Every structure is written in structure tokens, then in C-alpha cells.
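Have a look at the structure below before the remarks.
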Amino acid sequence: MHTELHVRAVKGRSPRIRASGGIAVRQTGVDTLHMISSAATPLGGDLIEIHVEVGPGACLNLHSVAAAMALPGPHEPRSELRWHIAVADGARLVIDPQPTIVAAHAVQHSETAIDVAESGAVRVAERVQIGRSREDLGRWTGRVRADVGGTPAVRHQVSIGRPEHDELGAPAVLFSEFRYPDERPDAVHPDAVGARLGLAAGGSLTTVLARTLNDAERWAGDLVG
Numbered sequence: 007m008h009t010e011l012h013v014r015a016v017k018g019r020s021p022r023i024r025a026s027g028g029i030a031v032r033q034t035g036v037d038t039l040h041m042i043s044s045a046a047t048p049l050g051g052d053l054i055e056i057h058v059e060v061g062p063g064a065c066l067n068l069h070s071v072a073a074a075m076a077l078p079g080p081h082e083p084r085s086e087l088r089w090h091i092a093v094a095d096g097a098r099l100v101i102d103p104q105p106t107i108v109a110a111h112a113v114q115h116s117e118t119a120i121d122v123a124e125s126g127a128v129r130v131a132e133r134v135q136i137g138r139s140r141e142d143l144g145r146w147t148g149r150v151r152a153d154v155g156g157t158p159a160v161r162h163q164v165s166i167g168r169p170e171h172d173e174l175g176a177p178a179v180l181f182s183e184f185r186y187p188d189e190r191p192d193a194v195h196p197d198a199v200g201a202r203l204g205l206a207a208g209g210s211l212t213t214v215l216a217r218t219l220n221d222a223e224r225w226a227g228d229l230v231g
């Protein structure tokens, strides 16, 4: 299945939404939208593309109502998720969905491309858990490319799940957040595998690895504030 979602926020107007495939969107506030699964997706072989554009001076908050479950298809374990994000001058965007659960032996590849103007503001969070109860065969790879005012800010890739871990070191959960602007100094969590790192072009990238979602959320909260 090919799912495609286009969201465009314009100052002083309700967001414009165009969706096809397995995701629907509901407006739940003046500047707030929630994504809703309208079909079983992502399955192996599926492609989800989400385009978010926030125009000059506009604000948008994009969330989801429930966790997404990535499952293997009958012939293909891999699904793909692609975010295309553009934030204009004076605009503000928050993307903060519920976790993705990579179940059974599913494989998911996620790519996030962010272009933000120097006077814009953006926060994009991602949460991933490998497996449901007693499952550890899934695999997830995520790439983030963010540019600020046309200047490269970050190029980042991380993978969790098999074969990326062994039995002694097996983080099942990832929390990741790109934020701009953010002038705070770097921070390394004293009790967890997590850090918030400043970027030369401005902004920050926070990454936390954990064994449970509760731990990841708690430690991420210490870092992102």
C-alpha cells in the first residue's frame, strides 16, 4: 500500500489536508492535527510518505492518536516511512507522534528530511520500540537530514534491533528529537545512554537508547526539558 499525506499550514486559516491510503487526519485544535490509522499499515512492502509544509508565520502541531504497528508482509518484511518537512520564516512546527512498534520480524526504514528557515522553529520527535512482549526479531533504521536556512545542520543515522545488537547490549527503544532553535549547551545523561548535542548550524539533536519506553521517556524528558 502507498499512503500519502499532505498537510499545509497557512497563517490565519485551518490547515489544508490531503490524504490517501492508510492514514486519515482530524483537526483537534486551532493549530493541532492528529493522525489516525484507517487501515492496517505499515505492512511489509508499504510506503508511507508524509509532507508537512508550514507557511510564513503559521503554527502547526501534528500528533497521532495511537502507536503505529509495523508488521511483516506475506512476502516482504520491510516497510518505508518518509517525512518531508518544510518550515518557513516565522513559522512554528511540532511533530510528536506516538511510538512505532516494530513487531515480529518486521523491518522498517524511516527517513526524515527537514528544511527550516533561520527564523522558523521546529521540533520533530520519534519513538521506536523493537517488538511486542518477548519479541526481538525486528529491525529499524532511521535517517535524519536537517538544513537550517539552506545550511546543513545534521546528517544522522541510527539502527536498532537485530543484527545491530547482541544479547548483552540490546536497546529495544529509541527516542530521537531534532529541535531548532536550541542554544543550550551539550548534555549527557548521567544514568542513561542518552545525550543532547548542539549543532553548528543551530539547534540540537537528542538521542536516547533504552530497554523500555517508560525509561526512554523519562530520560529523554531530563534532556529535552
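Residue numbers (the numbering used here): 7 to 231.
Virtual Cβ for every residue (Gly too), placed ideally from N, Cα, C.
Note that this is a predicted model, so its numbers are computed, not measured.
Short Cβ contact (8 Å threshold) for residue i with residue j
| i | j | result |
| --- | --- | --- |
| Gly63 | Ala92 | no |
| Ala235 | Val214 | Limits of the chain in this structure are 7 at one end and 231 at the other, which puts residue 235 out of reach. |
| Ser165 | Arg133 | no |
| Ala222 | Phe181 | yes |
| Leu99 | Ile56 | no |
| Pro105 | Gln135 | yes |
| Gly208 | Val154 | yes |
| Leu68 | Ile101 | yes |
| Leu219 | Ser210 | no |
Euclidean distance between Cα positions of residue i and residue j
| i | j | result |
| --- | --- | --- |
| Ala46 | Leu53 | 12 Å |
| Val122 | Thr212 | 18 Å |
| Arg24 | Ala15 | 12 Å |
| Ala131 | His40 | 15 Å |
| Gly227 | Val150 | 21 Å |
| Gly61 | Met7 | 30 Å |
| Arg268 | His81 | The structure shown does not extend to residue 268, since the chain is modelled only from 7 to 231, so the question has no answer here. |
| Ser26 | Ser43 | 11 Å |
Rounded distance between the beta-carbons of residue j and residue i, thought under 8 Å
| i | j | result |
| --- | --- | --- |
| Ala58 | Val13 | Residue 58 is actually Val in this sequence, not Ala. Val58 to Val13, Cβ: 5 Å. Contact. |
| Pro103 | Ala76 | In fact, because the Cβ distance is near 13 Å, the residues do not count as touching under 8 Å. |
| Gly94 | Gly50 | Looking at the sequence shown, residue 94 is not Gly but Ala. Contact doesn't hold; Cβ gap of about 36 Å is too wide. |
| Arg168 | Asp142 | 7 Å |
Stretch pair the region 81-91 + the region 106-120: three plus CB contacts closer than 8 Å: yes
Whole alpha helix (DSSP H) elements within the region 107-182, 4-residue minimum: none
In chain order, each beta strand (DSSP E) run of at least 3 residues that lies wholly inside the region 36-107: 38-43, 53-60, 65-70, 74-76, 84-93, 98-101
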